[in-house]
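The opening residue of the sequence shown carries number 211 in this note's numbering; numbering runs sequentially from there. C-beta atoms are modelled at their ideal positions from N, C-alpha and C, and glycine is treated no differently. To keep things clear, I will list the structure first and then write my remarks on it.
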Amino acid sequence: MEFVPPNKRSDEYFRTVFEEKGLADIVKLHMAQASQEAKKELQEQLEEQISEGASIKDIVADIREIANKHCIPDQELIVLIWSTVMAQVLGFFFSI
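Set out below in structure tokens:
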């Protein structure tokens, strides 16, 4: 997105311009990369909150906010949460 003028750096502008030029595959790639980054950010935040002992209410609120902001599908969200929580639990037991 660095090649796009600063005042037009939005996903909507990017999508519109590239689809008009017949480059829908580039848009799909960009969306997939953005989704992967959002999932990684969510996983890191969840790991941090679990290790800090944050309340379940706060964790759920933060997960919902990030998932809605980045349109992460429920099935992907469930897998991400499950794998992160189980990794934290196993890490706890093996550190004893």
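Self-check item: For arginine 225 and alanine 234, the rounded distance between their alpha carbons
Solution: 8 angstroms
Quiz item: Near isoleucine 260, what residues of its chain come up, given a Cβ to Cβ distance below 8 angstroms and the 5 sequence neighbours on each side ignored?
Solution: Ile269, Thr294, Val295, Gln298
Exercise. Tell me, please, whether the region 279 to 286 touches the region 234 to 251 by the rule of three or more beta-carbon pairs shorter than 8 angstroms.
Key: yes
Exercise. State the Cα-Cα distance for the pair isoleucine 236 and phenylalanine 228, rounded to the nearest angstrom.
Key: 7 angstroms
Quiz prompt | Reduced DSSP secondary structure (H/G/I, E/B, other) of proline 216 | solution = helix
Quiz prompt | glycine 232 (DSSP reduced to helix, strand or coil) | solution = coil
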